[in-house]
Every structure is written in structure tokens, then in C-alpha cells.
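Notes follow once the structure below has been shown.
There are 2 protein chains.
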Amino acid sequence: MSILIKNGHVIYGDGLEVVRADVLIEGDRIAKVAKGITEGADTVIDATGRVVSPGFVNLHTHSPMGLFRGLADDLPLMEWLEKHIWPREAKLTRKDIKAGAYLGALEMIKGGTTTFLDMYFHMDAVAEAVLDAGLRGYLGYGMIDLGDPEKTEKEVREALREMGAIERLNSDRVQFVFAPHAPYTCSLALLERVRELASEHGKLITIHVSETMSEVGRIVERYGKSPVELLDGIDFWGRDVIIAHGVWLDSRDVQILARHGVSVAHNPGSNMKLASGVMPLGKLLNVGINVGLGTDGAASNNNLDMLEEMKLAALLHKVNNLDPTVADAETVFRMATVNGAKALRLRAGVIKEGYLADLAIIDFNSPHLRPVNNVVSHLVYSANGNDVESTIVGGEILMLDREVLTLDEEKVISGAEKTAESLS
Amino acid sequence: MSILIKNGHVIYGDGLEVVRADVLIEGDRIAKVAKGITEGADTVIDATGRVVSPGFVNLHTHSPMGLFRGLADDLPLMEWLEKHIWPREAKLTRKDIKAGAYLGALEMIKGGTTTFLDMYFHMDAVAEAVLDAGLRGYLGYGMIDLGDPEKTEKEVREALREMGAIERLNSDRVQFVFAPHAPYTCSLALLERVRELASEHGKLITIHVSETMSEVGRIVERYGKSPVELLDGIDFWGRDVIIAHGVWLDSRDVQILARHGVSVAHNPGSNMKLASGVMPLGKLLNVGINVGLGTDGAASNNNLDMLEEMKLAALLHKVNNLDPTVADAETVFRMATVNGAKALRLRAGVIKEGYLADLAIIDFNSPHLRPVNNVVSHLVYSANGNDVESTIVGGEILMLDREVLTLDEEKVISGAEKTAESLS
């Protein structure tokens, strides 16, 4: 299978140079980027007036939570969790979660996301939805033992069961990830087991760390250490760990994460909406930490739109620092693409020969994206998910001219609507 | 002329109650909102699966500045103005500004904005574009005299010339507004003249006030008073004044504005992007100040998307106060609709019998707006301008099913593109 994308404005290479060029895809890889490619291809896409961008990597979400979109906004975090989210989550069946996962996958395809790192339950069901959708999903079962040793064993068993089920699907599009929920919901015993199991099975780990001030306070009270120091004490950190949030990291935490090559998934929309706080982005970037971008779940965002998330990231750090030069468009664009791919050890997020053909084609024939003074700026500051016209993952076209080819859009939406009704 | 919008989810009345109903428009007004309206109409729009919303009122923008979109981001304000914006603005002809105004008008129609308050130059040219587009424009010539008495006279003459030209267009869709740029760029003599002229001609006034800390510092240094106190001293304030920004208002300023019934146009996107700071929204709302929402110009946003702006407003104040309950969805929705209309003395911004038929119909058949758990929340937190399907102003359909009926979209976009090229 080959695809030739003709005549687009291509965001090329690590330098994000915008060139008028054709992109030839052979199999799952980008084979050639050049002007006037003459090779034939099975499919030719005319990208005149379009921008060919690396697909977006959503480095932290809970994809089935679209079911709860808009159900409980403008509330304190604990009231939101305890009165609205947790009671509904307690009712969720495997089937419900799969319906939510389809909705999330559909939304991501429509917004040009090609890869995502997910944490939820019944991730083997999510994996089936991801495979149908054609996305790349890094899927973690969210483990919570609340210090109960019986629960520890149960959570490990469930994680290993889901890992096995996902591995049996035998596709590089779905990868199991260990996902202990957070230091304040997991015992040290569980976190130590996770560390061993991840190393043994060669899997990534993702975990919420230092999202809220009160969570950090709880850990400091219980252990006399920050969450990052606590996990450092059990040799948890490594290049295979991706922490979500990191809002309340202090300078010592940042040094520890940098030393171990830990990646951080920044979630500006969620951190703003839940009023968690502002991640110290400048500090993290200054010491060379790899920072990717995530939307978090749609119950706290309330969408999975990575184009919008880029704008939120840029604007939040500018106003928070009273400095308009920080979080510039290119820095934020890299967070949403290549940095996420790097965290997931994926040769993607860049349009360049040999990289995975994970791409988004974005329509620039709209007044809010013209004049085309600066392509990357327009994507970060003016575009939104609806501007994405076509989405390609590993050389497979998931959406062409706004039509999703891999999923039945109406069926997915009505399935999610019915599931939400049944939970209310 | 009559229009019947059938079967939508209508955001009804001041209470923003969402009801499944039909909306009958007769002439320029909403005649009836009820289930199963049987009256015939010249045009029938099927709004099944759609939301019928009040159109958005953009209470502060510089509509022709779309020409400069993305030209200079991530820069300090003064460098942005002095090196990039002002040199280009110096080159602008009447024709250039008209091309920019068409682009702005097109973008606003596509995003469901029905009314806007504008400040720029050659506003009689902008007025012609507004009339062609079918929007409501409140158009102010941005006066700057920098303390030069000759310039004062020149600016007054130009304002009165543009006022006359706009009045001769003889349409309630275009209204002249006095728009002295700011206390730091206008002499007190000019501001006093503006106050007299506005009262004499029964026109509104709009002015930038306390956008940046340095601007406030300059005024305090020069006059020993805050900008708001300074203008209070010349009896400038009144219910007919709309200030833009108000980022650095202190408690005394807020009291003065409240006492005089001044409205405030909040511009969260621009204040964040230019790192101006965070407006004290809570304080303003607590004393009953009427706060509307604006996008500012597209050179500092970088779009005119009021749906996106609502999200920015809500999220900014939540994180800034570390309180997720502030700037809730309904409060922000009112800022973007009825509060803006109120500031402009317009019976609009609410869907209710007798109000102007200024509406946006928004497609909810998209994954990011489903399940339909909460319509107003979805508009504030998940929708964007591209979700708007149809835009109606004063009973005239400007856009139907994403097709703009009043402007030639291709011509407007290519006109703006050529103008931008000629300025570079």
C-alpha cells in the first residue's frame, strides 16, 4: 500500500521547516518528501491549500470518560470525583467502557490525534476499539489499592490479565502500559511490584504525580517526602516512566526527574479547569526534561482536541510568567508531536523519511487560518480540531475529507449517548 | 420575511433553560418560541440535533487585524507593536483595511458572532464591509494624539468625518462609536472632547484602560492617579462607556467603574498571549459591573472565535484563583451574549419573544459534543467556532449549513491574502 500526498505545505523534519512538497508513504513509513514526486501510488491525496502535519500524540487521557463530558463542571475536585465521577464509574461495565472508548477514538481521529496514552479500566476492551479505529493506543489499567494488601494482589492480577489480553491482539497499534494511579492511591508495595513487572516485561509506566497541592501535602504528611522523592526512594524512576501533571513539582523533584530521564505529560486544560495549578514548564524544559502534551479525560477538559490544547499550553505559561516569549509556538508544537512520540519510544511525531506515517492533513481554506503568514503559529494559536481534514496512522487512512473510514460515526455516537443515559 | 427553526435544543431566556422547541422569526425579531409551531414561514430550517443559541457579541476587537495573524507571536508587547504591527499599520490604505474587515466579518459569521465592537481606522470602509456581510458593527475610529494639540484637532475631525460617513449609510447594523485609544496615548483635552461629543451625539464610547502594568505605571507617574481615577476626574465615566481589558484595575478603580455603570470588555486570550495579566473578574462581578467578552484583534489572539474565548475565560479564572467554581459555564456564556448586548444597548443576546433575531445554530452531531449531557457546558468547554452551522442576524440568514450567503468566501480570503503579501 502506498499513498502520495501532493502539493501540501509540509511541516518537515525536526526543524519544523514548512515546505511546499509531496509526501510519499510506502507501507507504514514515510518514504520520501520532495517537490514533484513522480512515483505512482495506490492512493493520491490532493493537499493543495492544506497543511501536512505530524499527527498529534495525546500523552495523557482517559479515553472512555467522554461519556461523562459536561456532567459535572465548575466543582471542587473532591466533590467532582466523589459525588459525580466515582459513583458513575462504579457502575461502568466492560461494554460501557468500550462504548466510551469508541467515542474517544472517533473524537481523536477527527482532531488529528494519531497516538494516545490512556489510563482506565477494561483496557482490553479499549484495545479492541483502538484496533477498529486504527489509532495507536498505549493502554494502562489504572491500579488503585489504597494500601490494602489483598487489593494489591488483585490489581496486579487484573493488570497482568489485561496485558495478556492486549498482547494476544498481536498488533503494534495497541501496547500495554503499567498505570498505577498515583502515589496517594497506591501503596509502596504496589509501586515496587509495578517497577519490577515493567522492567521484566519491557513495558512503559505511567502515573499521576503531584497534580494537586493537597495530594502533595498528604504524601508529605504520611512519608515526610515529596511524591517524587518517595518514588525515588524505591528506585521507581527511569526513562520508561511518564508522569502525568507534575503541577506541584519543586526544584528538587525536577532535578530527580531530569536525572532519571522521566517524561512528563502536561495537561494545561485539565489543570486550569480543575484549578489544580500551573506546571513549572520553564523549569522542566531548562533541565532538559522531555515534556509532552495531554488533554486528560473529557470529563475535565472537556474535549480531546490537541490543537486547542496547544493554545492553552502556550497562553497559560505566558500569562503565568507575565512573559509572552515563553512557551512559543514551536516549543508547544513539539510537545504535542515529537516529544509525545519520544516518551512512547515511537519513531513518529516528525515528517521525515523513515518515520512512521502518522499524519494529519489540515484544511487552511478557512478565514481563521488566513493569510498563511505562519503555519505553525496558525496551528497553535488559531486552529482547532475541526480543521483537520484527513488523519493517517501507519500508512492507513482513518479519515479522508472529514469522513471517518474506520468507524461508523453515527453508531459510535448513538452508542455513547445510550450508554450515558443508562448510567444517569 | 419569516423563518421557522424547527426542533432544536433552544437556549431559552435569561435563565438559559434548554428546551426542545421551535423558534419563529418575523421580520428582525423573535416572534415565538414554542413546541410544534404550526405557522408557516418563508424559510424553514430543520435544527434536529442542533442547538439554537443567542449569537455571540464580541465586545472588543480590531477586525481588520486578521491581516497580521501569526506575523509576530511570542514577543514582548512593545517589540510586537513597534517592530511588527505599527510599521505595517502605517502602510495600510483604506482598501487594505476593507480587505481585512471582510476577512474579519467572514470569520465572525463562520463562528456565530452576530455583533461586534470594533476599533481601528477607516471605519467607514469597515462599515461597508459590515453591511455587505450582514453583521452588526459598532465601529470606533481609534483616536491617538499623543498630547499634540494639532493632532487632537485632526483626530476629532477624522472621527466626525467617519461618524458622518457611517450615519449616511443609514442602517441600524452599523453604529459609530467614539474610540479614544487609551489614557496613555490620548491627551486629557482629547478625552474631554470625546466625552462632550459622545453626549452631544448620543454615541457610545470605547477605550483601552489598564491593559498592562507598565501603562498604569506611566499614568500614575505622569498624573499621580490610576487611569480610572484620572478619567473620573474629567467626568468621563458613564453607562455609555465600555472599557477594554481592565487587567490592572485596583479595588478603588472597580468601585468607580461600578458607581458609573461602566461596562468592561474582557479579553482573556489576548491578555494571556501578550502576557498582560489576569483581569480581576470576581471583583468586577461582585460589585455588579457588566462584563462582556471580546477576542481582541487576531494579531494577538489569533482568531475571533467567541466559543474558544469562553473556554479561555472560564479556565483562566479558575486556575488563577485555584478555585474551579469561579467563572462557571453560565456566567461565561452570559458574558459572551447578553452582557455584550447590554453594553451596546441592544435588545439581543437572549432567545426570547421580542428580542432581535440574532442567532447561531450549532451542530451537535460531533463526537466532542456528545453525549448531550449539558448544552451550555458543551458550548463553553468543548465547542469551537467550526461547530457553528448557521448564523442569523436580525432575521437575515448570513450562513446556512456552513455556506456563507452574504459574502463570496473565496474572494474575501484571496483578497486578504493578496493584501497581506503587499504589506510584507
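Those protein sequences? They're chains A and B, same order as listed. Under the working numbering, residues 1 to 424 are what the first sequence spells out, in order. Under the working numbering, residues 425 to 848 are what the second sequence spells out, in order. Just so it is clear, CB atoms sit at the ideal spot from N, CA and C, and this is done for glycine as well. Keep in mind that this is a model prediction, so the values were computed, not measured.
Identified DSSP bridge partners for residue i
{"i": "Ala689/B", "result": "Ala668/B, Gly716/B"}
{"i": "Glu396/A", "result": "Val393/A"}
{"i": "Thr426/A", "result": "As shown, chain A starts at 1 and ends at 424. That puts residue 426/A outside it, with no answer to give."}
{"i": "Thr43/A", "result": "Ile3/A"}
{"i": "Ala784/B", "result": "Ser477/B, Thr815/B"}
{"i": "Phe600/B", "result": "Leu563/B"}
{"i": "Lys534/B", "result": "DSSP output for Lys534/B lists no bridge partner at all."}
{"i": "Gly8/A", "result": "Ala21/A"}
{"i": "Arg453/B", "result": "Glu450/B, Leu780/B"}
{"i": "Thr406/A", "result": "Thr406/A pairs with nothing; no bridge assigned."}
{"i": "Leu117/A", "result": "Tyr138/A"}
Contacts that residue i makes with chain A (C-beta to C-beta distance below 9 Å)
{"i": "Leu499/B", "result": "Pro324, Thr325"}
{"i": "Glu441/B", "result": "Result: empty, since nearest Cβ-Cβ is about 16 Å, beyond 9 Å."}
Within chain B, the residues that residue i reaches when beta carbons sit closer than 8 Å
{"i": "Met272/A", "result": "Leu739, Leu740, Lys742, Val743"}
{"i": "Ile45/A", "result": "By Cβ distance, chain B contributes nothing, its closest Cβ being about 21 Å from Ile45/A, past 8 Å."}
{"i": "His378/A", "result": "Arg493, Gly494, Asn726"}
Under 9 Å by beta carbon: chain B residues contacting residue i
{"i": "Asn386/A", "result": "Ser790, His792, Asn808, Gly809, Asn810, Asp811"}
{"i": "Ile413/A", "result": "Asn789, Ser790, Pro791, Arg794, Pro795"}
{"i": "Ala101/A", "result": "By Cβ distance, chain B contributes nothing, its closest Cβ being about 12 Å from Ala101/A, past 9 Å."}
{"i": "Tyr355/A", "result": "Per Cβ cutoff of 9 Å: no residues; Tyr355/A is ~26 Å from chain B at best."}
{"i": "Ala90/A", "result": "The premise fails here: Ala90/A is roughly 18 Å from chain B at the closest Cβ pair, so nothing lies under 9 Å."}
Which listed residue (the options) has its alpha carbon closest to that of residue i
{"i": "Gly818/B", "options": "His484/B, Met696/B, Arg597/B, Arg642/B", "result": "Arg597/B"}
{"i": "Pro849/B", "options": "Glu833/B, Leu570/B, Ala523/B, Val799/B", "result": "Absent from the model: residue 849/B. The displayed extent of chain B is 425 to 848, so no value can be given."}
{"i": "Met532/B", "options": "Gly561/B, Arg617/B, Pro692/B, Ala549/B", "result": "Gly561/B"}
{"i": "Gly66/A", "options": "Val828/B, Ser806/B, Leu824/B, Ser846/B", "result": "Ser806/B"}
{"i": "Asp659/B", "options": "Leu615/B, Ser814/B, His669/B", "result": "Leu615/B"}
{"i": "Ser611/B", "options": "Ile643/B, Ser634/B, Met587/B", "result": "Ile643/B"}
{"i": "Trp672/B", "options": "Gly685/B, Glu653/B, Gly657/B", "result": "Glu653/B"}
{"i": "Val376/A", "options": "Leu16/A, Ile5/A, Ile3/A", "result": "Leu16/A"}
{"i": "Ala689/B", "options": "Gly701/B, Arg683/B, Leu708/B, Ala668/B", "result": "Ala668/B"}
{"i": "Leu728/B", "options": "Asp498/B, Phe480/B, Met637/B", "result": "Phe480/B"}
{"i": "Ala772/B", "options": "Ile427/B, Leu739/B, Ile454/B, Asp811/B", "result": "Ile454/B"}
{"i": "Leu530/B", "options": "Ser848/B, Leu847/B, Asn810/B", "result": "Asn810/B"}
{"i": "Ser848/B", "options": "Ala514/B, Ile775/B, Pro791/B, Gly566/B", "result": "Ala514/B"}
{"i": "Ala458/B", "options": "Asp466/B, Lys430/B, Leu483/B", "result": "Lys430/B"}
{"i": "Ser814/B", "options": "Val468/B, Pro795/B, Lys456/B", "result": "Val468/B"}
{"i": "Thr406/A", "options": "Leu59/A, Tyr102/A, Asp46/A, Gly246/A", "result": "Tyr102/A"}
{"i": "Glu14/A", "options": "Pro371/A, Glu353/A, Asp408/A, Ala420/A", "result": "Going by the sequence as given, residue 14/A is Asp instead of Glu. Comparing Cα-Cα distances from Asp14/A to each of Pro371/A, Glu353/A, Asp408/A, Ala420/A, the minimum goes to Glu353/A."}
{"i": "Leu655/B", "options": "Pro604/B, Ile816/B, Val804/B", "result": "Pro604/B"}
Under 7 Å by beta carbon: chain A residues contacting residue i
{"i": "Glu531/B", "result": "Pro367, His368"}
{"i": "Ala840/B", "result": "Arg370, Pro371"}
{"i": "His605/B", "result": "Correct list: empty, because the minimum Cβ distance to chain A is about 20 Å."}
{"i": "Tyr608/B", "result": "Near Tyr608/B there are no residues of chain A at all, since even the closest Cβ is about 18 Å away, more than 7 Å."}
{"i": "Tyr565/B", "result": "What Tyr565/B touches in chain A: nothing, since even the nearest Cβ is about 24 Å away."}
Listed by chain order, chain A residues near residue i by CB distance under 8 Å
{"i": "Glu855/B", "result": "Residue 855/B falls outside the range modelled here, since chain B spans only 425 to 848, and no answer is possible."}
Closer than 7 Å: residue i CB and nearest the ligand GTP heavy atom
{"i": "Met502/B", "result": "As far as ligands go, the structure on display features none, and thus does not contain the ligand GTP."}
Residue i: contacting residues in chain B (beta-carbon distance under 7 Å)
{"i": "Tyr138/A", "result": "Neighbours of Tyr138/A on chain B: none; closest Cβ ~21 Å, over 7 Å."}
Okay, do the region 836 to 846 of chain B and the region 752 to 768 of chain B touch, 3+ Cβ pairs below 8 Å being the bar?
-> Contact fails: fewer than three Cβ-Cβ distances are below 8 Å.
At a cut of 8 Å, does the region 468 to 475 of chain B reach the region 426 to 436 of chain B through at least three beta carbon pairs?
-> yes
Does the region 746 to 754 of chain B come close enough to the region 762 to 782 of chain B to have 3 or more Cβ pairs within less than 8 Å?
-> no
Against chain A: residues of the region 684 to 708 of chain B by CB proximity under 8 Å | Gly693, Asn695, Met696, Lys697, Leu698, Ala699, Ser700, Gly701, Val702
If we count Cβ pairs, one from each stretch, closer than 8 Å, do we get three or more for the region 293 to 300 of chain A versus the region 765 to 772 of chain B?
-> Output reads no: the region 765 to 772 of chain B does not touch the region 293 to 300 of chain A.
The region 438 to 445 of chain B / the region 489 to 509 of chain B touching (three or more Cβ pairs under 8 Å) = no
Residues from the region 210 to 235 of chain A in contact with chain B, defined by Cβ distance under 9 Å | Met213
Is the region 124 to 140 of chain A in contact with the region 304 to 311 of chain A, if contact means three or more CB pairs nearer than 8 Å?
-> no
Between the region 717 to 729 of chain B and chain A, which residues of the former have CB atoms less than 9 Å from a CB of the latter, in chain order?
-> Ala722, Asn725, Asn726, Asn727, Leu728, Asp729
Would you list, in chain order, the members of the region 58 to 72 of chain A that have their beta-carbon closer than 8 Å to a beta-carbon of chain B?
-> Gly66, Leu67, Phe68, Arg69, Gly70, Leu71
Return the residues of the region 324 to 348 of chain A that lie within a Cβ-Cβ distance of less than 7 Å from chain B, sorted by chain order.
-> Taking 7 Å as the Cβ-Cβ cut-off against chain B, the residues of the region 324 to 348 of chain A that qualify are Pro324, Thr325, Asp328, Ala329.
Three or more beta-carbon pairs under 8 Å between the region 658 to 669 of chain B and the region 622 to 630 of chain B, yes or no?
-> yes
Members of the region 109 to 129 of chain A near chain B, C-beta cut-off 8 Å | Lys110, Gly111
Any contact of the region 275 to 293 of chain A with the region 356 to 365 of chain A, i.e. 3+ C-beta pairs under 8 Å?
-> no
Sufficient close CB pairs (3 or more, under 8 Å) joining the region 577 to 596 of chain B to the region 541 to 552 of chain B | yes
Contact the region 632 to 651 of chain B vs the region 568 to 584 of chain B: 3+ CB pairs below 8 Å = At 8 Å Cβ cutoff, the stretches do not touch.
Please determine if the region 317 to 326 of chain A and the region 821 to 833 of chain B are in contact, where contact requires at least 3 C-beta pairs separated by less than 8 Å.
-> no
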